[in-house]
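Read through the structure below, which is laid out as structure tokens, and then see the notes.
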Amino acid sequence: MKRVSVRPENAHQGALLRLLRDEGPISRAELGEAVHLSRSKLAVELDRLTEIGLVEAQGLAASRGGRRSAIVGLASGLRFLAVDIGATSVDVAVTDGQLTVLKQVSEPMDVREGPDAVLAVVLDLVGKLRADGLAVDLHGAGVGVPGPVSFRDGVPVAPPIMPGWNQFPVRSVLSQHLGCPVLVDNDVNIMALGEMHAGLARTVDDLLFVKIGTGVGCGIIVDGQVYRGASGSAGDIGHIRVDDEGPVCTCGNVGCLEAHFSGAALARDATEIARAGRSAPLAERLAAAGVLTAADVAVAAAAGDQAAVELVRDGGRRLGLLLAGLVSFFNPGMVVLGGEVAAGLGHPLLAELRSVVYRRSLPLATGHLPIALSELGPQAGVVGAARMISDSVLSHD
Ligand SMILES: [Zn+2]
514 MKRVSVRPEN
524 AHQGALLRLL
534 RDEGPISRAE
544 LGEAVHLSRS
554 KLAVELDRLT
564 EIGLVEAQGL
574 AASRGGRRSA
584 IVGLASGLRF
594 LAVDIGATSV
604 DVAVTDGQLT
614 VLKQVSEPMD
624 VREGPDAVLA
634 VVLDLVGKLR
644 ADGLAVDLHG
654 AGVGVPGPVS
664 FRDGVPVAPP
674 IMPGWNQFPV
684 RSVLSQHLGC
694 PVLVDNDVNI
704 MALGEMHAGL
714 ARTVDDLLFV
724 KIGTGVGCGI
734 IVDGQVYRGA
744 SGSAGDIGHI
754 RVDDEGPVCT
764 CGNVGCLEAH
774 FSGAALARDA
784 TEIARAGRSA
794 PLAERLAAAG
804 VLTAADVAVA
814 AAAGDQAAVE
824 LVRDGGRRLG
834 LLLAGLVSFF
844 NPGMVVLGGE
854 VAAGLGHPLL
864 AELRSVVYRR
874 SLPLATGHLP
884 IALSELGPQA
894 GVVGAARMIS
904 DSVLSHD
């Protein structure tokens with residue numbers, strides 16, 4: 514495979530490239546205005562970017578009176594690889610320079626099989642994309658994993674649901690195999706980036722993205738960038754204490770949000786309710802399937818089962834109280850809820866959350882605060898992974 518390692522040579526070139534990524538092809542005249550470059554300086558930078566193969570001419574703009582301005586866009590051959598490693602599946606996608614997904618392939622895979630087995634599946638999926646003529650000359654790859662990551666080193670750090678991955682050099686191993694720059698982050702951070710790039714949060718620079726899956730986590734975007742904190746664990750809200758009592762959490766503490774409300778907690782509570790004879794539909798489902806999941810709670814609640822409705826309401830209230838504190842502290846421009854449990858519970862969860870947050874946060878923080886369900890769904894991860902690596906490749910550092 515050909516190695517591609519072109520980068521912008523100065524900050525102006527980086528700004529031009531990221532603008533073309535986010536806005537698509539535009540005329541030289543508009544480009545010059547947007548980055549505050551004189552016509553001659555702009556010409557020098559664009560010539561250089563064309564020469565190194567990052568930008569190409571794409572025809573002429575409609576006349577604004579006088580000479581028609583030439584349209585430029587990112588090189589049509591620009592390709593980013595996006596890898597989203599989940600707890601139970603692996604998704605791999607190839608995007609163009611504007612991060613449009615050209616093709617996405619996926620394979621069920623238990624992350625507990627360990628890094629060798631999982632990365633072999635990733636490379637196998639890359640091979641499939643390559644066989645289709647995609648993923649040949651990659652400019653960079655972004656990778657998300659379901660656990661805490663040292664972003665600087667590109668390694669997972671003591672990830673609770675990823676045995677065998679602690680300190681495994683994901684970034685350097687993949688970089689070696691793919692022949693391009695690679696960045697690794699946790700899945701919640703890349704989903705937050707995906708929401709900012711292509712989702713409802715396109716219009717805001719400060720975002721809280723709350724993922725409710727088996728566990729609960731929060732991606733924090735400050736001024737258009739992921740905020741990771743001093744050691745990379747910012748946003749780990751699942752283990753904030755919301756009650757002095759309650760079930761013991763996977764982390765060993767008592768009263769964590771995740772132990773009260775998460776996919777795992779809903780499955781546990783639903784089973785208890787079904788066994789206690791407090792919900793006929795949940796009991797029927799348990800008898801038929803042998804186990805209950807958060808999705809069963811969503812179905813029962815939607816059908817009006819009182820015990821299931823109360824579970825959703827109680828969870829929404831607990832998460833809402835915590836979120837109200839975060840909103841007062843952080844003053845985000847938007848809160849987006851994602852993850853499969855949030856998607857399954859849908860509007861009843863959203864209604865409960867909104868009511869608690871709007872009642873409990875300061876009016877200045879919530880006056881214009883939209884709280885919404887993700888519309889990107891499972892695509893948030895791959896779009897965000899591509900966004901992460903493109904931010905780096907299309908920057909001069
Ligand atoms: Zn905990």
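Residue 514 is where the sequence shown starts when you use our numbering, and the numbers rise one by one after that.
All C-beta atoms in this analysis are idealised placements derived from N, C-alpha and C, irrespective of residue type, glycine included.
Is residue i near residue j, with beta carbons less than 7 Å apart?
{"i": "aspartate 604", "j": "glycine 657", "result": "no"}
{"i": "alanine 556", "j": "leucine 594", "result": "no"}
{"i": "leucine 647", "j": "methionine 847", "result": "no"}
{"i": "glycine 586", "j": "glutamine 571", "result": "yes"}
{"i": "alanine 893", "j": "glycine 610", "result": "no"}
{"i": "leucine 530", "j": "leucine 907", "result": "yes"}
{"i": "alanine 878", "j": "valine 840", "result": "yes"}
{"i": "serine 746", "j": "proline 661", "result": "yes"}
{"i": "glycine 712", "j": "leucine 889", "result": "yes"}
{"i": "valine 618", "j": "leucine 638", "result": "yes"}
{"i": "proline 673", "j": "glycine 599", "result": "no"}
{"i": "valine 870", "j": "alanine 606", "result": "no"}
{"i": "leucine 642", "j": "isoleucine 902", "result": "no"}
{"i": "alanine 811", "j": "leucine 858", "result": "yes"}
Report buried or exposed for residue i, applying the criterion of at least 16 other Cβ atoms within 10 angstroms of its Cβ.
{"i": "phenylalanine 681", "result": "buried"}
{"i": "histidine 525", "result": "buried"}
{"i": "cysteine 769", "result": "buried"}
{"i": "asparagine 702", "result": "buried"}
{"i": "threonine 608", "result": "buried"}
{"i": "isoleucine 884", "result": "buried"}
{"i": "cysteine 693", "result": "buried"}
{"i": "proline 891", "result": "buried"}
{"i": "lysine 724", "result": "buried"}
{"i": "aspartate 560", "result": "exposed"}
{"i": "alanine 644", "result": "exposed"}
{"i": "arginine 516", "result": "Legend: pLDDT at arginine 516 = 47, less than 50; position of this residue unreliable, value from coordinates given subsequently. Arginine 516 is exposed by the Cβ-count criterion."}
{"i": "cysteine 764", "result": "exposed"}
{"i": "arginine 715", "result": "exposed"}
{"i": "serine 744", "result": "exposed"}
{"i": "glutamate 522", "result": "exposed"}
{"i": "histidine 511", "result": "Nothing about residue 511 can be reported from this structure: the residues present for the chain run from 514 to 910 only."}
{"i": "alanine 821", "result": "buried"}
{"i": "histidine 652", "result": "buried"}
{"i": "threonine 601", "result": "exposed"}
Does any C-beta atom of chain D lie closer than 7 Å to the C-beta of residue i?
{"i": "serine 663", "result": "Of the protein chains in this structure there is only one, and it is not chain D."}
At what residue ranges does the segment 572–614 contain a whole run of the beta strand (DSSP E), taking only runs of 3 or more?
583–587, 593–598, 602–608
Closer than 7 Å to ligand 1: residues, by C-beta to nearest heavy atom, in chain order:
Gly751, His752, Cys762, Thr763, Cys764, Asn766, Cys769, Glu771, Ala772
Can you list, in chain order, the stretches of the beta strand (DSSP E) that have 3 or more residues and sit fully within the segment 624–712?
Counting only runs of 3+ residues, the beta strand (DSSP E) found wholly inside the segment 624–712 occupies 653–658, 695–699, in chain order.
Inside the segment 815–901 only - alpha helix (DSSP H) runs reaching at least 4 residues:
Taking only runs of at least 4 residues, the alpha helix (DSSP H) segments lying wholly in the segment 815–901 are 819–843, 853–858, 860–873, 876–879.
With a cut-off of 8 Å, do at least 3 Cβ pairs link the segment 783–803 to the segment 736–743?
Output reads no: the segment 736–743 does not touch the segment 783–803.
Quick test of the definition: if touching needs 3 or more C-beta pairs under 8 Å, does the segment 751–759 touch the segment 823–841?
yes
Would you check if the segment 865–880 and the segment 805–818 touch, i.e. whether three or more CB-CB distances between them fall below 8 Å?
The segment 805–818 is not in contact with the segment 865–880.
Is the segment 786–794 touching the segment 811–819 in the sense that three or more CB pairs, one from each, lie closer than 8 Å?
yes
I'd like the ranges of any alpha helix (DSSP H) spanning at least 4 consecutive residues and lying wholly in the segment 765–820.
770–773, 776–788, 793–802, 807–815
Enumerate, from N- to C-terminal direction, the unbroken beta strand (DSSP E) stretches of 3 or more residues contained entirely within the segment 712–753.
720–725, 729–735
Give, in chain order, every unbroken run of the beta strand (DSSP E) that is at least 3 residues long and sits entirely within the segment 524–574.
568–573
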